[in-house]
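Heads up: the structure comes next, in structure tokens.
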Amino acid sequence: MERIAAAYEQRFAQYVRVATAIAGDRERGRDAVQEAFARAIAGCLAYRGDGPLEAWLWRAVTNAARNQCRAAGSGVTIASLEDEPGDEPAAPSDEEAAVRRHLAALPERQRLVLFLRYYADLSYCEIGEALGLRTGTVSATLAAAHRTLRGRLQPVAA
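Using the working numbering, you'd call the opening residue of the sequence shown number -18 and step up by one each time.
See below:
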């Protein structure tokens, strides 16, 4: 329980950042993190010790955020990650709006791998452990996401 609490305190901002990206809204992201850790501490989620605790926590957070997104029923949206809680969200530039649209259009696994890699700064191995994927699959998934985004965004950049 102490290790779970320590992870919560140390990486709360990263958990919220990734959960917000997945859930499409900062409040749903925060709710997902709270739900994941509340369930982990209450013992509703069983950590068997067969992998790193951090990976297990990331899996709990990503699953809770996915559930929040599904419950909202509004489809996939990519929230701004720069706005501070309580601030009125700034209107995205055309380029930022295009990136958000293209991220939202990616398959879920590609989005999750991108979010965990770039928003949480997890290694390929850590992402694999968090999502139950082999490291090679993480690499291939990330490469596919990069290819897709590059192809869709080149006209925007030109």
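All C-beta atoms in this analysis are idealised placements derived from N, C-alpha and C, irrespective of residue type, glycine included. Remember, it's a predicted structure, so these values are computed and weren't measured experimentally.
- Rounded to the nearest whole angstrom, the CA to CA distance from G117 to C106 is 9 angstroms.
- Spanning the alpha carbons of R133 and Y(-11) requires a straight line of approximately 36 angstroms.
- In this model, R128 and R11 are separated by some 31 angstroms (Cα to Cα).
- Restricting attention to V119, W37, R47, A(-6), the CA atom closest to the CA of Y100 is found in A(-6).
- For the options H83, F96, Q(-9), the alpha carbon positioned closest to that of T43 is the one of F96.
- If you draw a straight line from the Cα of R(-16) to the Cα of R81, it is about 35 angstroms long.
- Counting the other CB atoms within 10 Å of its CB gives Q(-9) a total below 16, which places it among the exposed residues.
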